[in-house]
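**Student:** Residue numbers (the working numbering): 6 to 247.
Beta carbons are placed, not taken as given, at the ideal position from N, Cα and C, and that holds for glycine.
The structure under discussion is supplied below as structure tokens; questions concerning it will follow.
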């Protein structure tokens, strides 16, 4: 058996274990998050993006079986981080759905770090569109999910204020920070898909939220995210034509 097939099987084993933990958990992530009722929490339907993320990652792994040489490929560059990512994803599902919110916050921070490393390794290599597609989705959503997880933890300990500011103020600040981060990543790595994940998440917040200040912040964020997505898509199309 070639190393390519061995690594493909290894990836599938860890991916399958992660998916099993997702379906094994008695309560889904969206339900637990809704119970915390954080203002920055998107509407429940927004969490359906996990299905698209997992499907695209599965297809990404299956593509490995059609590559002759493993060494030096995208798959080789991310191998340690990808396996660690699957482990942390499963651990996050377990801790979050069993109401270990603080522990889950630490775990999702580690999960986000693995995605940063995977995304950077792919972006700095020669890649085609689908090499990075699953991880643009995954990285974008976990960026938002990390912020939501932090707010869920603060709600779980019933803290009325943090550093003298209430939840509404912190929500507005973090929405602004998330938007700035989204614009930076999109422009730096010329990725039009990454900001669309933020549009999806922010739209979920817009639908769920009733605070006028938060709605305004979300609306501005969506506008900027769509603008940078259009700009990076245009720049990408110019390079493709050239």
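Less than 6 Å between C-beta atoms, sequence neighbours within five positions excluded: which residues of the same chain meet that for residue 201?
**Tutor:** Along the chain shown, one-based indexing puts residue 201 at 196. Around residue 201: 234.
**Student:** Report the rounded CA-to-CA distance for residue 136 versus residue 86, giving the unit in angstroms.
**Tutor:** The residue given as residue 136 occupies position 131 in the chain shown. The residue given as residue 86 occupies position 81 in the chain shown. Cα-Cα distance, rounded: 15 Å.
**Student:** What are the complete alpha helix (DSSP H) segments, minimum 4 residues, inside the stretch 164-241?
**Tutor:** Segments of the alpha helix (DSSP H) lying fully in the stretch 164-241: 172-194 and 198-213.
**Student:** Between residue 77 and residue 145, what straight-line distance do the alpha-carbon atoms span, to the nearest angstrom?
**Tutor:** Here residue 77 corresponds to residue number 72 of the chain shown, with the count starting at 1. Here residue 145 corresponds to residue number 140 of the chain shown, with the count starting at 1. Straight-line Cα distance between these residues: approximately 26 Å.
**Student:** Would you call the CB atoms of residue 106 and residue 161 closer than 7 Å?
**Tutor:** What you label residue 106 is simply residue 101 of the chain shown in a count that begins at 1. What you label residue 161 is simply residue 156 of the chain shown in a count that begins at 1. Yes, they are a contact pair.
**Student:** If you follow the alpha helix (DSSP H) that residue 6 is part of, which residue opens it and which one closes it?
**Tutor:** The count along the chain shown starts at 1 and reaches residue 6 at position 1. Careful: residue 6 lies outside any alpha helix (DSSP H) and carries neither H nor E.
**Student:** Mind checking whether residue 12 and residue 52 have CB atoms under 7 Å apart?
**Tutor:** Mapped onto the chain shown, residue 12 falls at position 7. Mapped onto the chain shown, residue 52 falls at position 47. No. Outside cutoff.
**Student:** Classify residue 12 as helix, strand or coil using the three-state DSSP reduction.
**Tutor:** Taking the first residue of the chain shown as position 1, residue 12 is located at position 7. Of the three classes helix, strand and coil, the one that applies to residue 12 here is helix, per DSSP.
**Student:** Work out the CA separation of residue 18 and residue 159 for me, nearest whole Å.
**Tutor:** Counted from its first residue, the chain shown places residue 159 at position 154. Counted from its first residue, the chain shown places residue 18 at position 13. Their Cα atoms are separated by approximately 35 Å.
**Student:** So, for residue 122: in the same chain, excluding its five sequence neighbours on each side, which residues have a beta-carbon less than 7 Å away from its beta-carbon?
**Tutor:** Taking the first residue of the chain shown as 1, we reach residue 122 at position 117. Here the set comprises 86.
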